[in-house]
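>
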């Protein structure tokens, strides 16, 4: 009799999810530890994806404790959506325009009271999962900052500005919306108080120097466009002073030197990113002058 009762528990959760959150369950998730979530405890974990077939399985495996997992895809051409469904996640698609709009669109696709945004290259440890559940049960504050352990080039990076790297990822859905004017490195506008959690979110960040430079170039283009719209122009001294300031800040002020060659490399790469920013800004200025 006990065995039969235990087998029915996942089915009961599926029925609760269907009639409380309004979702059909493509597969029955494993038993979650702890007490059964109440009406205001339900959590949706949301992952934005684009061709994440390599990183997604481990990410979803670390979210099996969540009441709902939503993979919000922007047109993957690999097995991302198939893998998501194999792990019991809901899958929705939307053409990508910018990160803020994508996150806001994903928020509109869940009825859960709480939302946790996780990137495909991030992992929620069992310790963090328990702490997240405890934060939800407390009901206040309405948002929580998560520290991150960044693994860069395969190494845990605790200096040069990469830790604690707090991210505002857990919040009450009805209290938050992303700033539509901030397209990259989006900002959550939250109506209410926030708190900080202790256990870290694992982030498998840049795998190689090539990836690092490519992504920083993308960020530089966006930042340069923002500066240009604010009327800023690149000056000759910016190409030397800003990279030097960035390097000193990372390597000395933020103790990058404690990581030896790893810290030196990261500080140099971030200095190069500053140089790339002003190069992009200078190019935009010349484009405007040419079309004037």
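Residue numbers (our numbering): 11 to 302.
Idealized CB from N, CA, C, for every residue including glycine.
Keep in mind it's a predicted model, so treat the numbers as computed, not measured.
Compute the Euclidean distance between the alpha carbons of residue 117 and residue 174, then round it to the nearest angstrom.
26 Å
> What are the residues that DSSP puts in a beta bridge with residue 160?
167 and 213
> Tell me which residue opens and which closes the beta strand (DSSP E) that residue 79 is part of.
78-83
> Distance check for residue 152 and residue 296, CA to CA, integer angstroms please.
46 Å
> Of the choices 217, 264, 163 and 126, whose alpha-carbon is the least far from that of residue 184?
Of the residues 217, 264, 163 and 126, the one whose Cα lies closest to the Cα of residue 184 is 126.
> With 16 other CB atoms within 10 Å as the buried threshold, where does residue 273 fall?
buried
> On a Cα-Cα basis, can you pick out the residue from 178, 215, 76 and 194 that is closest to residue 363?
With the chain covering only 11 through 302, there is no way to say anything about residue 363.
> Report all residues from its chain with a CB closer than 7 Å to the CB of residue 304; omit the five preceding and five following residues, and keep chain order.
Outside the displayed span of the chain (11 to 302) sits residue 304, for which this structure offers no information.
> Ignore the nearest five residues each way along the sequence and tell me which others in residue 44's own chain have a CB closer than 7 Å to its CB.
Unreliable positioning characterises residue 44 in this predicted model, as indicated by a pLDDT of 41, which lies under 50. The coordinate reading is nonetheless provided below. 143, listed in sequence order.
> So what does DSSP say about residue 178, is it helix, strand or coil?
strand
> Relative to the C-alpha of residue 156, which candidate in 278, 137, 163 and 166 has its C-alpha closest?
For the residues 278, 137, 163 and 166, the minimum Cα distance to residue 156 belongs to 137.
> Nearest CA to the CA of residue 195: which residue from 65, 112, 140 and 124?
112
> Let me know the secondary structure DSSP gives residue 48 once reduced to three states.
Model confidence at residue 48 stands at a pLDDT of 49, short of 50, so the residue's coordinates are unreliable; what they give is reported in the following sentence. Here residue 48 sits in coil by DSSP.
> Check each candidate in 180, 260 and 291 and name the one with the smallest Cα separation from residue 241.
291
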